[in-house]
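> Supplied in structure tokens, the structure appears directly below.
Residue numbers (full-length UniProt numbering): 1 to 532.
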């Protein structure tokens, strides 16, 4: 069923569910996948696009979090490391191993001995040794251009990286195959109750002013930074307190900062780890960790201090590769929904554990890590289903992603691209191959995106706006100069007929997309004017 079919079905009476999930980020998609996979009648609604919020703007890391282990959060690290291993095994091409190098400098905390001790525990949890120590000379071979001043060596270990938005879309595709109805650009409104218990809620599609009532005894509020809006209790002891924290990133041409692994350094300003890592043929530099004061319904934007913060660490790590604002291809900023106790901690000291609140059929979730989405989803469903959970939920050992026999690799597609396609699209890969040309969109770039992928997204992945296609279904707007504006005529030729947009609609969508890019995915205007 496409989006129109689902909305028509809801209006005509197919509106009774076992669970309604509000929020189409990684947590909501994970809940929908576990619920539908367990045979529950499931509806997911997202007020903007799937993964529009935090889940398309993360640091792309699927990791256990050595920082959290060092802070004593063993349980969080244990769950994350085990989930990382599971995800890499289930979805290669979507979740890929990435080598991390942590340089050590004389007089800097933590030293090599302490860090190697942390890595030993990390490997023990994973039951897989990946750590090793590099001499200063070996460190320079692994990371060409790395500063040699006071370099005492480096620690190497393996974590994983993903395209977070594609991970969300893959989970939604899995949920749909098990019967879930999933709608983007559909806002959740009033929660309905009967004798105090949840009985359903009102939803409203972006393109229609008439709300639709749906019925369900269980609503999972997986809206992250927006979780406060659906919580019914306003008393301080019953309501989760969300502290929105912004993390921002710079995207650079790989030639400006060529790294083949993730390189990290503790920032001298606040001691936070900052990473430079390869992503889709570019190099990403991030992240920051500051309070976000902006309107949550608007695109978050990197600030001047954050830009300077990231450029400073780049100059310290790679003094021979000076980076200026004019080198920056794009930026992204995401808001982390951290649950706080209100004691005034520094942002980087806040606990990253997730929290749940249960209110007679409304389960609200906030916090947590991208890596542990399945653990969080199952816990939310267990809390919501109560004593029936063990009878209803599928075993935790069941795979998150369905296995499939993939078709043979076409000769025109490289082995690396083929691995990625299998991870991104799973059982739908054979249909994707038939949906459009198998030529790369940008033949001379490393992102290896195929025209067929854009065609598939237009046909099957609920593209409602051009920014859905170029910022989340694909990342063309973030990895090409000037938002890929030079490529827009070709994209129009391929995609406008599939989307069914008239010329006026296409022009409006193109203007909207470029406005979003310039306002939220590039440097702020006052910085851009000084970037010569």
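All C-beta atoms in this analysis are idealised placements derived from N, C-alpha and C, irrespective of residue type, glycine included.
For residue 507, which of 472, 152, 465 and 407 has the nearest alpha-carbon?
For the purposes of this step, residue 507 is identified with residue 507 of the chain shown, where counting begins at 1. It is 465 whose Cα lies nearest to the Cα of residue 507.
> Just tell me which of 498, 477, 68 and 423 has its CA closest to the CA of residue 329.
In the chain shown, the residue the question calls residue 329 occupies position 329. Out of 498, 477, 68 and 423, 477 has the C-alpha closest to the C-alpha of residue 329.
> What did DSSP end up calling residue 104 once you bin it into helix, strand or coil?
The count along the chain shown starts at 1 and reaches residue 104 at position 104. Looking at residue 104 - three-state DSSP - the assignment turns out to be strand.
> Distance, Cα to Cα, residue 378 vs residue 461?
Within the chain shown, the letter at position 378 stands for residue 378. Within the chain shown, the letter at position 461 stands for residue 461. One C-alpha to the other measures close to 25 Å.
> Enumerate in chain order the residues of its own chain whose CB-to-CB distance from residue 282 is below 7 Å, with the five nearest sequence positions on each side excluded.
Position 282 of the chain shown holds residue 282. The residues are 251, 252, 253, 254, 329 and 479.
> Secondary structure at residue 523, three-state DSSP: helix, strand or coil?
Taking the first residue of the chain shown as position 1, residue 523 is located at position 523. Looking at residue 523 - three-state DSSP - the assignment turns out to be coil, as it is neither helix nor strand.
> Using three-state DSSP, classify residue 78 as helix, strand or coil.
Here the question's residue 78 lines up with position 78 in the chain shown. Residue 78 falls in the helix class under three-state DSSP.
> Using a 10 Å radius around the Cβ and a threshold of 16 neighbouring Cβ atoms, would you call residue 347 buried or exposed?
For the purposes of this step, residue 347 is taken as the residue at position 347 of the chain shown. Per the 10 Å Cβ criterion, buried.
> Do the region 254–267 and the region 130–147 touch if we need at least three Cβ pairs shorter than 8 Å?
Result yes; three or more Cβ-Cβ pairs closer than 8 Å.
> What distance in whole Å lies between the Cβ atoms of residue 265 and residue 110, which are believed to be in contact at a cut-off of 8 Å?
Here residue 110 refers to the residue found at position 110 of the chain shown. Here residue 265 refers to the residue found at position 265 of the chain shown. About 12 Å separates the two Cβ atoms, so there is no contact after all.
> Can you tell me which residues form a DSSP beta bridge with residue 291?
In the chain shown, counting from the first residue as 1, residue 291 sits at position 291. According to DSSP, residue 291 bridges with 245.
> Tell me which residues share the same chain as residue 459 and place their Cβ nearer than 7 Å to its Cβ, disregarding the 5 neighbours each side in the sequence.
Your numbering for residue 459 matches position 459 in the chain shown. 435 and 498.
> Pull up the distance between the alpha-carbon of residue 327 and that of residue 39, whole angstroms please.
Mapped onto the chain shown, residue 327 falls at position 327. Mapped onto the chain shown, residue 39 falls at position 39. Spanning the two alpha carbons is a distance of roughly 50 Å.
> Could you check what DSSP says for residue 115 in three-state terms: helix, strand or coil?
Mapped onto the chain shown, residue 115 falls at position 115. In this structure, residue 115 counts as helix in the three-state DSSP scheme.
> Note the first and the last residue of the continuous beta strand (DSSP E) segment covering residue 190.
Start at 1 with the first residue of the chain shown, and residue 190 comes out as number 190. Unbroken beta strand (DSSP E) run through residue 190: 186–194.
> When the distance is taken between beta carbons, is residue 41 closer than 8 Å to residue 18?
Against the chain shown, residue 18 aligns to sequence position 18. Against the chain shown, residue 41 aligns to sequence position 41. Contact flag set, yes.
> List the DSSP bridge partners of residue 212.
Residue 212 sits at position 212 when you count from the first residue of the chain shown. Beta-bridge pairing links residue 212 to 203.
> Can you give the Cα-Cα distance for residue 63 and residue 157, rounded to whole angstroms?
Numbered from 1 along the chain shown, position 63 holds the residue referred to as residue 63. Numbered from 1 along the chain shown, position 157 holds the residue referred to as residue 157. Each residue's alpha carbon lies about 11 Å from the other.
> Report the residue ranges of all alpha helix (DSSP H) runs contained in full by the region 251–302; include only those spanning at least 4 residues, in chain order.
List check, alpha helix (DSSP H) in window: nothing returned.
> Where do the N-terminal and C-terminal ends of the alpha helix (DSSP H) with residue 140 fall, by residue?
Residue 140 sits at position 140 when you count from the first residue of the chain shown. Residues 136–142.
> Compute the beta-carbon to beta-carbon distance between residue 69 and residue 114, rounded to the nearest angstrom, for a pair I have assumed lies under 8 Å.
Position 69 of the chain shown, counted from the start, is the residue given in the question as residue 69. Position 114 of the chain shown, counted from the start, is the residue given in the question as residue 114. Not a contact, Cβ separation roughly 12 Å.
> So residue 424 packs on residue 94, CB below 8 Å; how close in whole Å?
As a first step, residue 424 is located in the chain shown; it is residue number 424 there, counting from the start. As a first step, residue 94 is located in the chain shown; it is residue number 94 there, counting from the start. The Cβ separation is near 6 Å, so the contact holds.
> State the beta-bridge partners of residue 552 as determined by DSSP.
This structure does not reach residue 552, given that the chain is present from 1 up to 532, and the question cannot be answered.
> Here's the rule: buried if 16 or more other CB atoms are within 10 angstroms of the residue's CB, otherwise exposed. What is residue 240?
Within the chain shown, numbered from 1, the residue matching residue 240 stands at position 240. Classification for residue 240: buried.
> Quick one: what's got a C-beta closer than 6 Å to residue 16's C-beta in the same chain, skipping five residues either side?
Here the question's residue 16 lines up with position 16 in the chain shown. Contacts found: 215.
> Would you identify the three-state DSSP class for residue 305, choosing helix, strand or coil?
By one-based count along the chain shown, residue 305 stands at place 305. If DSSP states are grouped into helix, strand and coil, residue 305 belongs with the helices.
> Along the beta strand (DSSP E) that carries residue 42, what are the first and last residues, could you check?
Working through the chain shown from its first residue, we reach residue 42 at position 42. Element bounds for residue 42: 42–45.
> For residue 202, which residues of its own chain have a beta-carbon under 6 Å away from its beta-carbon, when the five flanking residues on both sides are left out?
As a position in the chain shown, residue 202 is number 202, starting the count at 1. If we look at residue 202 and ignore the five residues flanking it on each side, its Cβ neighbours are 189, 190, 211 and 213.
> When the Cβ atoms of the region 288–298 are set against those of the region 72–83, are three or more pairs found closer than 8 Å?
Short answer: they don't touch.
> Just to confirm, are residue 366 and residue 242 a CB contact at a threshold of 8 Å?
The count along the chain shown starts at 1 and reaches residue 366 at position 366. The count along the chain shown starts at 1 and reaches residue 242 at position 242. It is a contact, given that the beta carbons lie within the stated cut-off.
> Per the DSSP calculation, residue 197 is bridged to which residue(s)?
In the chain shown, residue 197 corresponds to position 197, counting from 1. The partner list for residue 197 (beta bridge, DSSP) reads 194.
> How about residue 242: is its Cβ closer than 7 Å to a heavy atom in the ligand GTP?
Only the bare structure without any ligand can be found here, which leaves the ligand GTP out of the picture.
> Under the assumption that residue 76 contacts residue 353 (Cβ atoms under 8 Å), give the Cβ distance between them as a whole number of angstroms.
Against the chain shown, residue 76 aligns to sequence position 76. Against the chain shown, residue 353 aligns to sequence position 353. At roughly 6 Å, the Cβ-Cβ gap stays under 8 Å, so residue 76 and residue 353 are in contact.
> Report yes or no: do three or more beta-carbon pairs, one from the region 118–130 and one from the region 273–281, lie closer than 8 Å?
In short, these stretches do not touch, since the Cβ pair count stays below three.
> Using C-beta distances below 6 Å, list every residue in its chain close to residue 33, excluding the 5 sequence neighbours before and after it, in chain order.
Within the chain shown, residue 33 is the residue found at index 33, counting from 1. Answer for residue 33: 171, 174 and 175, listed in chain order.
> Quick check on DSSP: helix, strand or coil for residue 444?
By one-based count along the chain shown, residue 444 stands at place 444. Reduced to three states, the DSSP call for residue 444 is coil.
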